[in-house]
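Each residue of the sequence shown is one higher than the one before, starting from 1 at the first, in UniProt numbering. Only one structure is covered here, and it is reproduced in the block below.
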Amino acid sequence: TPKGNERVGHPTKWTYNSTKGKCVKLYTNAIATKDSNVFDKEADCLDICRDPDFGPCAQLPTDTQCKGNGTLYYRYNQTSQTCYLDNKYLCQEGDNAFPTLNACYARCGRFVKNKCKLPAQDLGMCSQYGKRFIFDRNDKTCKEYTGCDHHGIGFYEESECTNACKKDIDRRCLMEPDKGKLGKWIGKTRWYYDISKNQCEKTRQNIRSGKATGQKRT
């Protein structure tokens with residue numbers, strides 16, 4: 001994102017964020033020039049930067065274009081922001097035709113605004129980029145993987161993933177632990193999920209104080 005000399009309270013310019021795949025407001029006093037990523041109007045930013053960047057991800061075949069070859073392809077739908085197996089157009093017309101679901105999301109996944117909706121998948125080995133976290137919609141948990149970032153598909157921190165996808169996580173994991181009443185639970189160890197630490201922890205009630213003490217899972 002370009003920087004100006006001073007930050008302004010009300011944005012008057014636009015710039016294209018290639019990681020997010022969208023035009024965003026600019027809160028600096030940068031000057032719009034012919035060769036800069038600074039625009040006076042959002043429409044200019046969309047026309048010059050976003051639409052070309054979407055490339056094949058914004059194109060779907062039509063009845064007149066498609067000459068079927070009997071092969072199924074995955075395509076990206078810009079409206080639903082998902083990759084899907086196209087059972088209607090059995091052709092490779094245009095570049096929005098991918099052999100696998102992974103290949104489709106590798107090219108177009110950065111245009112999905114809600115990264116919590118991206119499928120957990122093998123994004124390719126690029127260990128030099130370090131750990132990444134992605135939300136597994138089946139298990140409703142954030143999982144670690146080492147792979148290519150593919151323009152910001154994954155989260156850099158587990159806490160970032162958890163916070164972004166809270167509404168999709170099993171609600172019982174977001175609740176304060178029910179530590180039970182004094183009685184049969186005294187001295188017994190149980191487990192609860194601490195969302196602030198992104199880990200399961202032990203809890204055991206103290207017979208004298210009636211309070212539970214926590215212990216990190218080992």
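The C-beta atom is built at its ideal place from N, Cα and C for all residues, glycine as well. Owing to the predicted nature of the structure, the values given are computational and were not obtained by experimental measurement.
Could you tell me the alpha carbon to alpha carbon distance between residue 31 and residue 18, rounded to whole angstroms?
The residue given as residue 31 occupies position 31 in the sequence shown. The residue given as residue 18 occupies position 18 in the sequence shown. One C-alpha to the other measures close to 19 Å.
Would you check if there are 3 or more beta carbon pairs closer than 8 Å linking the segment 90 to 110 to the segment 56 to 76?
Touching, per the Cβ criterion.
Residue 44 lies in the alpha helix (DSSP H); which residues open and close that run?
Here residue 44 is taken as the residue at index 44 of the sequence shown, counted from 1. 42 to 45 is the extent of the alpha helix (DSSP H) around residue 44.
Considering Cα atoms alone, identify which of 190, 115 and 100 is closest to residue 166.
In the sequence shown, residue 166 corresponds to position 166, counting from 1. Ranking the options by Cα distance to residue 166, first place goes to 115.
Quick one: grab the DSSP three-state call for residue 165.
Position 165 of the sequence shown holds residue 165. DSSP places residue 165 in coil when its eight states are reduced to three.
Rounded to the nearest angstrom, how far is the Cβ of residue 68 from that of residue 90, given a contact under 8 Å?
Residue numbering aside, residue 68 sits at position 68 when the sequence shown is read from its first letter. Residue numbering aside, residue 90 sits at position 90 when the sequence shown is read from its first letter. With a Cβ gap of about 4 Å, residue 68 and residue 90 count as contacting.
Could you name the residues that DSSP lists as bridge partners for residue 13?
Taking the sequence shown and counting its residues from 1, the one referred to as residue 13 is at position 13. Bridge partners of residue 13: 26.
Let me check one thing: in DSSP terms, what residues is residue 134 bridge-paired to?
On the sequence shown, residue 134 is found 134 positions in, with the first residue counted as 1. Partner(s): 143.
Would you kindly work out how many angstroms separate the C-alpha atoms of residue 219 and residue 24, rounded to a whole number?
The first residue shown for the chain is 1 and the last is 218, placing residue 219 beyond what the model contains.
Just tell me which of 55, 117, 135 and 111 has its CA closest to the CA of residue 97.
Position 97 of the sequence shown holds residue 97. Checked all of 55, 117, 135 and 111; the closest Cα to residue 97 is 55.
DSSP state of residue 201, grouped into three classes?
Numbered from its first residue, the sequence shown carries residue 201 at position 201. Correct three-state label for residue 201: strand.
What span of residues does the beta strand (DSSP E) with residue 84 cover, start to end?
As a position in the sequence shown, residue 84 is number 84, starting the count at 1. That run of the beta strand (DSSP E) goes 82 to 86.
Using the C-alpha atoms, what's the distance from residue 34 back to residue 112?
Position 112 of the sequence shown, counting from 1, holds the residue named residue 112. Position 34 of the sequence shown, counting from 1, holds the residue named residue 34. Straight-line Cα distance between these residues: approximately 29 Å.
Using only CA atoms, which one of 45, 132 and 26 lies nearest to residue 144?
In the sequence shown, the residue the question calls residue 144 occupies position 144. The candidate whose alpha carbon is nearest that of residue 144 is 132.
Do residue 40 and residue 13 have their beta-carbon atoms positioned less than 8 Å apart in this structure?
For this step, residue 13 is matched to residue 13 along the sequence shown. For this step, residue 40 is matched to residue 40 along the sequence shown. Yes.
Take residue 45 as the anchor and find which of 61, 15, 158 and 140 has the nearest alpha-carbon.
Residue 45 sits at position 45 when you count from the first residue of the sequence shown. For residue 45, the nearest C-alpha among the options comes from 15.
Which of the three DSSP states, helix, strand or coil, is assigned to residue 89?
Here residue 89 is taken as the residue at index 89 of the sequence shown, counted from 1. Residue 89 falls in the coil class under three-state DSSP.
Exposed or buried, what is residue 203 when buried is set at 16 or more other beta-carbons lying within 10 Å of its beta-carbon?
The residue labelled residue 203 in the question sits at position 203 within the sequence shown. Per the 10 Å Cβ criterion, buried.
For residue 65, collect the residues of the same chain with a Cβ closer than 6 Å to its Cβ; drop the 5 residues on either side in sequence, then sort them by chain order.
Numbered from its first residue, the sequence shown carries residue 65 at position 65. 93.
Please report the distance separating the alpha-carbon of residue 88 from that of residue 71.
On the sequence shown, position 88 is the one that residue 88 refers to. On the sequence shown, position 71 is the one that residue 71 refers to. Residue 88 and residue 71: Cα-Cα distance of roughly 11 Å.
Note down, in chain order, each residue of its chain lying with its Cβ closer than 7 Å to the Cβ of residue 61, except the 5 sequence neighbours on either side.
Taking the first residue of the sequence shown as 1, we reach residue 61 at position 61. Excluding residues within five positions, the ones whose Cβ falls inside 7 Å are 89, 91, 93 and 94.
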